[in-house]
Amino acid sequence: MFGYIKPFQPNLRVKEFEMYKGVYCALCKCMGREYGILSRMTLNYDFAFLAMLGLSVQETCAGFERQRCLFNPLKKCLCCKGGEAFSFSAAASMVMLYYKLKDNVADQTFLKSIPARLALPYAAHMRKKARKRYEALDGVMEEYIEAQGRVEAENTQSVDEAAVPTARMLSKVCAMLSGDEREKRVLTRLGYCLGRWIYLIDAADDMQKDFASGNYNVFLRRSGITKENEIPGAREYAEQVLERTEVEAAATFDLLEEKRFGPILENIFYEGLPMVARRVFHPVEKNPSPKGRRRQAEQEKSGLKKTEVSGE
């Protein structure tokens, strides 16, 4: 996963944002405890979301407490007290890191792949530790990387076919979060929608870069783009596809009877995903002035309200 699933912070209440940070910090601590301090550098929003989703369907939660952080020892921060959801998410992060690095080594030229080659032995060791505890998780990730490689090798023009491996991978991962059959069905579909959305938003985000490098990108391939000035048309189509996927993901989330963190997760599905998409398709200026930051915030809120009014 790539760090796209996150909340729209301005619309979170203070206590909700503190709880979200508490889950994020707890996962960071869990990764350091179980896989070493270097693993904490791979933490991203997607795995924090996975941990929170797992906690939301568990029967109990140990709660929060103030703890010190290795990277900010002078200040105590709110931190979730732990649970199986954190170990599962940390393992998923390590296994995903290994297969992504392995994929980069296979796909890139020798010079470009040097960073991945240097990191691969460490990732392989961490993946081995994770596999001992979650063997099924490792199998799902390996199947995903192989399937994604076949799709790209076939140079498919179908957006649906290109997104299937990531969608199926996250579908199976989310299903592992619960033992209840009804919850499993909902989580399976929810994971599928999110996996599809992650693949498509990443492809949309990389469109310009992939055109310049000649790498496979399903939106470029579908549109048969040969000139840079044709990219806006592909981006417009991609934005429409992402909007429909966001709607389906949010509708599926409504079927989940979460036991905690409901407002935060609702924010992620109804505001966070659209916000990320808007930033991909309508980039904001870098290092804006205070006035520019206010204008950007107003534009994001306006876009989210427009989505709500249209029923999306």
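1 is the number of the first residue of the sequence shown in UniProt numbering; add one for each residue after it. C-beta atoms are modelled at their ideal positions from N, C-alpha and C, and glycine is treated no differently.
Judged by beta-carbon spacing, residue 163 lies beyond the 8 Å limit of residue 120, meaning their Cβ atoms are not closer than that value. When DSSP states are grouped into helix, strand and coil, residue 67 belongs to the strand group. Residue burial annotation: residue 205 is buried, with at least 16 other C-beta atoms found within 10 angstroms of its C-beta. DSSP places residue 80 in the strand class (E or B) of the three-state scheme. When only Cα atoms are considered, residue 64 and residue 87 end up about 17 Å apart. When secondary structure is reduced to three states using DSSP, residue 75 falls in the strand class.
Nearest neighbour of residue 138 by Cα position, chosen from 226, 244, 235 and 172, turns out to be 172. Judged by beta-carbon spacing, residue 249 lies within the 8 Å limit of residue 273, meaning their Cβ atoms are closer than that value. Judged by DSSP in its simplified three-state form, residue 134 adopts coil rather than helix or strand. Spatial neighbours of residue 203 in its own chain (CB-CB distance under 6 Å, excluding positions within 5 residues in sequence) are listed in chain order as 217, 218 and 219.
Apart from sequence neighbours up to five positions away, the residues of its chain that approach residue 90 with a beta-carbon distance below 7 Å are 27, 30, 31, 34 and 35, ordered along the chain.
Between residue 18 and residue 74 a beta carbon distance of about 18 Å is seen, past the 8 Å cut, so the two are scored as non-contacting. The closest CA to that of residue 264, considering only 106, 22 and 3, is found on 22.
The C-alpha of residue 83 lies about 34 Å from the C-alpha of residue 280. Within the stretch 80 to 166, the complete alpha helix (DSSP H) runs of at least 4 residues fall at 84 to 107, 114 to 133 and 135 to 153.
Close CB contacts of residue 255 within its chain, under the 6 Å cut and outside five residues either way in sequence, are with 186 (chain order). With a threshold of 16 other beta carbon atoms within 10 Å, residue 97 meets it and is buried.
Contact check between the stretch 38 to 58 and the stretch 3 to 10: three or more CB pairs, one atom from each, fall below 8 Å, which counts as touching.
Boundaries of the alpha helix (DSSP H) harbouring residue 28: 14 to 35, taken from the DSSP string. 207 is the residue among 238, 207, 222 and 15 whose C-alpha sits nearest the C-alpha of residue 228. Using a Cβ distance threshold of 8 Å, residue 145 and residue 192 do not count as a contacting pair. Nearest C-alpha to residue 268 among 104, 67, 251 and 222: 251.
The beta carbon of residue 167 sits closer than 6 Å to those of 192, 195 and 196, all from its chain and outside the five residues before and after it, given in chain order. Taken atom to atom, the span from the alpha-carbon of residue 134 to that of residue 94 is near 11 Å. Taking a C-beta distance under 8 Å as the contact criterion, residue 260 and residue 61 qualify as a contact pair. Exclusion of the five residues before and after residue 231 leaves 207, 208, 211 and 225 as the residues of its chain whose Cβ lies within less than 7 Å of its Cβ. Going by C-alpha positions, residue 106 is about 22 Å away from residue 131.
Of the other Cβ atoms in all chains shown, fewer than 16 fall within 10 Å of the Cβ of residue 59; this residue is therefore exposed. In terms of Cα proximity to residue 117, the closest of 126, 128, 103 and 127 is 103. Straight through space, the alpha carbons of residue 215 and residue 242 are spaced by roughly 21 Å.
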